[in-house]
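These notes are about the structure you will find just below.
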Ligand code: SF4
């Protein structure tokens, strides 16, 4: 499923326009009082407002440019958490006012975040990559307990875990199945990955990207043909693509492996 970063990008640009407009209106409203109190106060407030807008618009401009071009315009350790901690909640409110659903904004945020991960691919450390999976990918009737160890999967091919375990073996990356956010956080603390390829629904991916910061997370949305949280699927082509980004080399996946 192809998801677009455009919704998140457009809402972020709208947030920026509202912010700039808000600061300009506020400044315009207090100008007479500032001039009354003293010319120096007026100039000091004008410089402070100008610097604030320069830093915010400059930072967001570099962020948007990186996401659009997938080239690294962010400084080392660029503050990408601004996307999930500041822009995402603002975009949710704007989306609500404009009638854009939470799910669509979440999906677009994941695409935007993945574009930033691709932009910073030269800075990624491939030492300890972790594939983090939700339990709902396992066939509901499967008797094998894979949450403790995915090697318990017999690779019968009836659910996506067979392919995911195979691609982890081939590429030498760590892989884990978590039954929820708490367990996923514990796995991250124990394995200390340098980057994560996470498969989940849009809601869990957004919170996972937030919780894992500063570890880069490449998110892939699962497919839910049987409804949420049951016998979900994942596009293995997308998994191979995500691993290629994190490993810095091409990973191929042939259907039926
Ligand atoms: S591939 Fe087969 S054995 Fe492995 S988890 Fe899925 S159903 Fe169970």
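Numbering (our numbering), first residue to last: 5 to 261. Glycine residues also receive a C-beta, built at the ideal position from the N, C-alpha and C atoms.
- Using a Cβ distance threshold of 9 Å, residue 137 and residue 166 do not count as a contacting pair.
- Within the model, the alpha-carbon separation for residue 78 versus residue 201 is close to 21 Å.
- For residue 13, the enclosing alpha helix (DSSP H) begins and ends at 10–41.
- Distance from the CA of residue 38 to the CA of residue 65, rounded to the nearest whole angstrom, comes to 31 Å.
- Sequence-distant partners of residue 89 (beyond 5 residues in either direction) whose C-beta falls short of 6 Å from its own C-beta are missing from its chain.
- Counting only the Cα atoms, residue 33 lies some 59 Å from residue 172.
- At least one heavy atom of ligand 1 is found less than 8 Å from the C-beta of residue 162.
- Within the DSSP secondary-structure output, residue 178 pairs in a beta bridge with 134.
- Distance from the Cα of residue 250 is smallest, within the candidate group 133, 13, 151 and 256, for 133.
- Taken in chain order, the complete alpha helix (DSSP H) segments of 4 or more residues contained in the region 106–154 are 106–123.
- Cβ-Cβ separation between residue 198 and residue 131: approximately 5 Å, consistent with a contact (criterion under 8 Å).
- In the structure shown, the three-state DSSP call for residue 217 is coil.
- Taking a 10 Å sphere around the C-beta of residue 56, we find fewer than 16 other C-beta atoms and assign the residue as exposed.
- DSSP places residue 54 in the helix class (H, G or I) of the three-state scheme.
- As DSSP reads the structure, residue 202 sits in a beta bridge with 136 and 223.
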